[in-house]
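Below is one structure, written out as structure tokens; comments come after it.
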Amino acid sequence: QGFDHFFGYLDQRKAHNYYPDHLWRNSEYVALDNPGGAWGKGNQDYSHDLMTEEAVNWITANLDQPLFLYLAYCIPHTHWQVPELGEYADKDWPEERFKVQAAMVSRMDRDIGRIKRLLEELEIADDTLIIFNSDNGAHGQGGTREFFDTTAGLKGRKREMTEGGVRSPMLAYWPGTVPAGTRSDHISAFWDFMPTLGELTGEPIVGLTDGISMLPTLLGDTDAQVQHRYLYWELYEGRPSCGVRMGKWKGIVLDRRKGMEIELYDLEADETEEVNVAHQYPEVVEAIRKAMLEAHEPSPFWDKGNQPLYNGPAACELNGVTFEPRVGKKNKQ
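Per this note's numbering, the very first residue in the sequence shown carries number 2; after that it's consecutive.
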């Protein structure tokens with residue numbers, strides 16, 4: 002289990018700085034030409050570029066065996082840093098950070114294209130499935146969501162249970178295997194990737210998973226696709242909330258500290274979640290409430306009567322790592 006080769010950050014907080022003083026290659030500390038890991042421009046080693054270069058080299062060096070590459074780019078994300086603004090430098094936009102975010106997106110797009118061309122040059126593109134996705138909906142920092150309309154009219158943002166927070170588009174590319182130009186509204190989630198890859202490679206999934214292979218959908222065989230009874234999300238940072246997608250229905254609890262009052266939306270008729278129809282469909286509300294209680298697993302680090310309890314030191318001790326409180330911010334115990 003695990004990865005044979007790793008390159009990147011080992012600290013998510015440090016991954017918000019794209020000019021760090023080091024990265025890691027497996028257990029090797031890789032010093033970078035960024036004195037002091039400055040949070041600004043004028044440095045040499047942009048972490049995104051280094052990750053792309055590592056991926057290209059790794060693919061080229063491992064052509065004698067089947068490959069799996071998980072390329073977890075950090076951009077576009079705060080901190081707003083990019084080597085150059087490129088075509089956006091002269092845009093008459095109200096904020097510089099809008100130009101930076103656009104340049105980040107274009108840089109990522111450029112480098113995904115570079116990897117795609119590499120697969121074609123190596124003549125393995127027709128034997129390779131490429132999947133592109135985002136880990137959450139658009140963030141709400143700095144006004145970029147409104148400026149770019151990054152949720153395409155959907156309500157909410159990252160860290161919220163509304164569609165703008167949990168819905169992300171997925172692209173799949175596999176010449177000659179995934180039908181070109183097709184679109185699917187199949188309801189899936191990240192935990193479906195492992196069963197999908199397992200079915201693709203013929204490797205059975207060991208242990209419990211809520212995931213369902215979406216390979217039939219990718220291959221265009223929608224009649225063979227098994228559906229989820231429901232999808233469940235929860236968030237305990239800040240205001241603890243949870244949500245369930247059950248067919249066309251979406252149930253949301255905005256603040257578990259205040260009880261389990263559920264808002265209900267019909268996503269087929271109301272994709273932007275404007276009209277709460279909970280009082281009209283009490284039986285659906287109860288089915289969603291049952292799903293929420295069934296899916297939630299209490300944790301000694303998070304739960305205390307539905308109150309968020311983040312116990313950093315205890316969590317770190319359990320996992321054999323050193324607890325490092327954030328500098329300059331109050332540490333919640």
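Where is the CB? At the ideal position from N, CA and C, for every residue including glycine. Just so it is clear, the structure is predicted and the values come from calculations on it, not from any experiment.
Where residue i sits in the DSSP three-state scheme
| i | result |
| --- | --- |
| Trp59 | helix |
| Gly9 | strand |
| Tyr266 | strand |
| Cys317 | helix |
| Lys259 | helix |
| Tyr30 | strand |
| His23 | strand |
| Ser48 | helix |
| Val254 | strand |
| Phe324 | coil |
| Trp192 | helix |
| Ile213 | coil |
| Glu275 | coil |
| Phe133 | strand |
| Arg14 | coil |
Cα-Cα separation, residue i to residue j
| i | j | result |
| --- | --- | --- |
| Phe149 | Gly321 | 42 Å |
| Leu86 | Asp50 | 15 Å |
| Leu120 | Cys75 | 22 Å |
| Glu147 | His78 | 16 Å |
| Asn307 | Ala173 | Since pLDDT at Asn307 reaches only 49, below the 50 mark, its modelled position is unreliable, and no value is offered. |
| Trp59 | Glu88 | 30 Å |
| Ala104 | Ala73 | 18 Å |
Exposure of residue i, with buried meaning 16 or more beta-carbon neighbours within 10 Å
| i | result |
| --- | --- |
| Lys330 | Residue placement at Lys330 is poorly supported in this model, since its pLDDT is 45, which falls under 50; the coordinates still yield a value, given next. Counting Cβ neighbours within 10 Å, Lys330 comes out exposed, since fewer than 16 surround it. |
| Lys92 | exposed |
| Ala62 | exposed |
| Ser48 | buried |
| Thr183 | exposed |
| Arg168 | buried |
| Glu274 | buried |
| Arg257 | buried |
| Ser300 | exposed |
| Trp81 | buried |
| Phe8 | buried |
Chain D contact for residue i (CB, 8 Å cutoff)
| i | result |
| --- | --- |
| Tyr30 | The displayed structure is made up of one protein chain only, and chain D is not part of it. |
Given residue i as reference, the closest of the options once Cα atoms are compared
| i | options | result |
| --- | --- | --- |
| Trp250 | Ser185, Tyr174, Tyr47 and Ile289 | Ile289 |
| Ile188 | Pro217, Val179 and Glu200 | Pro217 |
| Ala292 | Gly114, Gly252 and Leu268 | Gly252 |
| Asp186 | Glu97, Leu236, Pro170 and Leu209 | Pro170 |
**OP:** Taking 8 Å as the threshold, find out whether the region 258-267 comes into contact with the region 278-291 through three or more Cβ pairs.
**Re:** yes
Original post:
Does the region 133-147 come close enough to the region 228-246 to have 3 or more Cβ pairs within less than 8 Å?
Top reply: The region 133-147, when compared against the region 228-246, does not touch it at the 8 Å Cβ threshold.
Original post:
For the region 291-298 against the region 231-247, are there 3 or more C-beta pairs whose distance is under 8 Å?
Top reply: yes
Original post:
Within the chosen definition, does the region 210-227 reach the region 158-166 through at least 3 CB pairs nearer than 8 Å?
Top reply: no
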